[in-house]
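**Student:**
Numbering (the working numbering), first residue to last: 1 to 705.
(1) Do residue 647 and residue 481 have their beta-carbon atoms positioned less than 8 angstroms apart in this structure?
(2) Rounded to whole angstroms, what's the CA-CA distance from residue 63 to residue 316? Just pull it up for me.
(3) Between which two residues does the alpha helix (DSSP H) harbouring residue 289 extend?
(4) Where DSSP assigns a beta bridge to residue 109, which residues make up the other side?
(5) So what does residue 299 bridge to, in DSSP terms?
(6) Quick check: the Cα distance between residue 154 and residue 232, rounded to an integer number of angstroms?
(7) Given a threshold of 16 other Cβ atoms within 10 Å of its Cβ, counted over all protein chains shown, does residue 621 qualify as buried or as exposed?
(8) Exposed or buried, residue 192, counting other C-beta atoms within 10 Å across all chains shown (16 or more means buried)?
(9) When the Cα atoms are used, what is the spatial distance from residue 163 to residue 101?
(10) Give me the Cβ distance between residue 713 and residue 464, rounded to the nearest whole Å; I'm assuming they're in contact under 8 angstroms.
(11) DSSP puts residue 482 in a beta bridge; with which residues?
(12) Can you tell me the Cα-Cα spacing of residue 429 and residue 664, whole angstroms?
(13) Could you give the C-beta distance for residue 657 and residue 610, rounded to a whole number, given that I count them as a contact under 8 angstroms?
(14) Among 478, 200, 593, which one has its Cα closest to the Cα of residue 503?
(15) Mapping the DSSP letters down to three states, classify residue 57 as helix, strand or coil.
(16) Would you mind working out which of 84, 411, 435, 37 sits nearest residue 214, comparing C-alpha positions?
(17) Could you tell me which residues DSSP puts in a beta bridge with residue 31?
(18) Quick one: what's got a C-beta closer than 7 angstroms to residue 353's C-beta in the same chain, skipping five residues either side?
(19) Between the stretch 124 to 141 and the stretch 216 to 232, are three or more C-beta pairs nearer than 8 angstroms?
(20) Identify which residue in 649, 321, 337 has its Cα closest to the Cα of residue 331.
(21) Report yes if the CB atom of residue 19 is closer than 8 angstroms to the CB atom of residue 442, and no otherwise.
(22) Report the rounded CA-to-CA distance for residue 141 versus residue 488, giving the unit in angstroms.
(23) So residue 634 is in the beta strand (DSSP E); what residue range does that whole segment cover?
(24) Any contact between the stretch 260 to 280 and the stretch 550 to 563? By contact I mean 3 or more CB pairs, one from each, below 8 angstroms.
(25) What separation, rounded to the nearest whole angstrom, lies between the Cα atoms of residue 467 and residue 641?
(26) For my contact list, residue 644 and residue 597 are in at a C-beta cut-off of 8 angstroms; report their separation, rounded to the angstrom.
(27) Given that a residue counts as buried once 16 or more other Cβ atoms are within 10 Å of its Cβ, and exposed if not, what is residue 211?
(28) Touch check for the stretch 187 to 205 and the stretch 398 to 416: three-plus C-beta pairs under 8 angstroms?
(29) Looking at C-alpha atoms only, which residue of 632, 390, 92, 318 is the closest neighbour of residue 178?
(30) Would residue 55 be called buried (16 or more neighbouring beta carbons within 10 Å of its own) or exposed?
(31) Along the chain, where does the alpha helix (DSSP H) that runs through residue 321 open and close?
(32) Going along the chain, which residues of its own chain have a beta-carbon closer than 6 angstroms to the beta-carbon of residue 112, five neighbours each way excluded?
(33) Which two residues bound the contiguous alpha helix (DSSP H) that contains residue 209?
(34) So what's residue 21 in DSSP terms, helix, strand or just coil?
(35) Using DSSP with H/G/I as helix, E/B as strand and the rest coil, what is residue 689?
(36) For residue 179, which residues does DSSP report across the bridge?
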């Protein structure tokens, strides 16, 4: 066996500059992000028109009602209200305040662990829920402990609960290490689960918001709580959740989001999957619109100088003042900045007390100042609501992963029928006919026995797809292959590479960088800055993930846009005078393999689709807690409509060849396993192949119709 693979790995980087096509496009790294921003602009303009048209209380309330319902729909709806089954797991008496350790079920067997801080000297008090930000400690994080004891001393009740994936509610708890297997950051744990929620047409945000709504439900069962005076306050991710919960649940009468400025527009998604709501741009609902759902309820937004978010918050407030002005309550919406770090620091807590006291002063005469910064923190184990410190080992119960897996199974059972190409096109918003708007040559290279043409295809206005056409010498029409590699077209462009092998076998091979790949990829992931941070930086802050999030928020999945690019390339290939359009194949590596299946289903000129090391199906991404696949494959709602086996069947009778198909973790699957997953797909050929230097030979020798 020839050992070519190591040589190819060395060749590709040396050739990268030689085969670059977009040297004259200075914005090639930002091209896709700019395209998404242009797509979002009309929706932003429409939103601004709607807001500008609101000139009365009645108009505002009608807008709020419509928008609140639309927001709940975007979240995936809210779960049914089920029994809380609350229990008090322990009590602590600290003299001038008390702490109760609480467990309740926000959904059946989805346990929430919490601490309830109560004044020792009052019988009935206003109460606040306190969603926690991304601090792994959850409810025992220092800022929240201090907030709880200070609130209780001041005469208010505070209900602090652990978020999903933090504190006592680790979704991926490892009983051996006592840590979350997904990494040290709550953000990583959230994103692992959120991606799976997207596949079934739901959001992790829905579960976070529902935990908060049920926390309010619990407070209303307590005799100590003044039912007419419920508020929400939280920092960082907890501030974002305060914004969401306050927008959805009108029982929140005062809202205090901290270090969580509301976004003004655009498509950029948060690095945390829990804070992304697919389709929000299309629905014209941004973070600032959550604020517009609050008037006339009081709003205090607190910012930290180290976050540099104060100006963004002020800009949102300037517009919002008009809404509060309709009620003659302009002073009830306030934005402040504290000097210091990201968190709910002492200066912010003091500002919160001053603001809340204006409306709910428990002492009526302001003679009892808040004792900010005083008191001793509890040890984390003292505040545990479970015996072991983890729901997983103390109570068992369900996780959001369990809910997702069950829902995915239900949808798959309900959608086993055939999917038509028109349905796939509609789902991805791909027109019935796709062609490159323009094609231009950007140079050429001569190789032994073939030439390389450098091409630029414009698949949509402002979207440039760089391509390399490997053209054998000689006259006449030849069979053709569209080559898709998510690492970029240069990965196999070197001597001895797969593109050369195709040209040497007489094929016209067109390798393209679909948008966001190769030359138009947005850049490298940020380097880790903490030892436990690698997965967080690579997984949630990867620039390619941001593109996928932005497209998702626009309501057009990035994968669908890449399929659009591939179809434009198919059309170009078929139009070439040196190509036999009756013998056209698509060959894809990894995500490119997934794209090849869609290209075959949507263009009947594709006689054969070959996918190498491609994901076996989207179902594989919800079957296990962990996966190693890009964010672009987590397509919102896809499992409600179809899966890859149905896409492959839609290409029949044309041949689909899966070589070394992989599961969600990228592990190669046996051919019988693949055939079982594609049980009713008659045009499938499953191959397991161990020799990378003969991959093209195996692919091209598969059965041809």
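For each residue, glycine too, the CB sits at the ideal point set by N, CA and C. Just so you know, these numbers come straight off a predicted model, no measurement behind them.
**Tutor:** With the structure as the only source:
(1) No, Cβ-Cβ distance for residue 481 and residue 647 is not below 8 angstroms.
(2) 18 angstroms
(3) Its alpha helix (DSSP H) spans residues 287 to 292.
(4) Bridge partners of residue 109: none, in fact.
(5) 255, 333
(6) 16 angstroms
(7) buried
(8) buried
(9) 15 angstroms
(10) Residue 713 lies beyond the range of the chain shown here (1 to 705); nothing can be said about it.
(11) 510, 586
(12) The straight-line gap separating the alpha-carbon atoms of residue 429 and residue 664 is approximately 26 angstroms.
(13) 4 angstroms
(14) Ranked by how close their Cα comes to the Cα of residue 503, the residues 478, 200, 593 have 478 in first place.
(15) In this structure, residue 57 counts as helix in the three-state DSSP scheme.
(16) 84
(17) Residue 31 pairs with nothing; no bridge assigned.
(18) 154, 370
(19) Touching, yes, given that three or more Cβ pairs across the two stretches are closer than 8 angstroms.
(20) Here the closest residue by C-alpha is 321.
(21) Judged by beta-carbon spacing, residue 442 lies beyond the 8 angstroms limit of residue 19, meaning their Cβ atoms are not closer than that value.
(22) 44 angstroms
(23) It is not in any beta strand (DSSP E) - residue 634 carries neither H nor E in the DSSP assignment.
(24) These segments touch.
(25) Cα to Cα, the separation comes out at about 32 angstroms.
(26) 6 angstroms
(27) buried
(28) yes
(29) Out of 632, 390, 92, 318, 390 has the C-alpha closest to the C-alpha of residue 178.
(30) Label assigned to residue 55: exposed.
(31) 310 to 325
(32) Correct list, in chain order: 104, 106, 161, 211.
(33) First-last of the alpha helix (DSSP H) with residue 209: 204 to 219.
(34) coil
(35) coil
(36) 174
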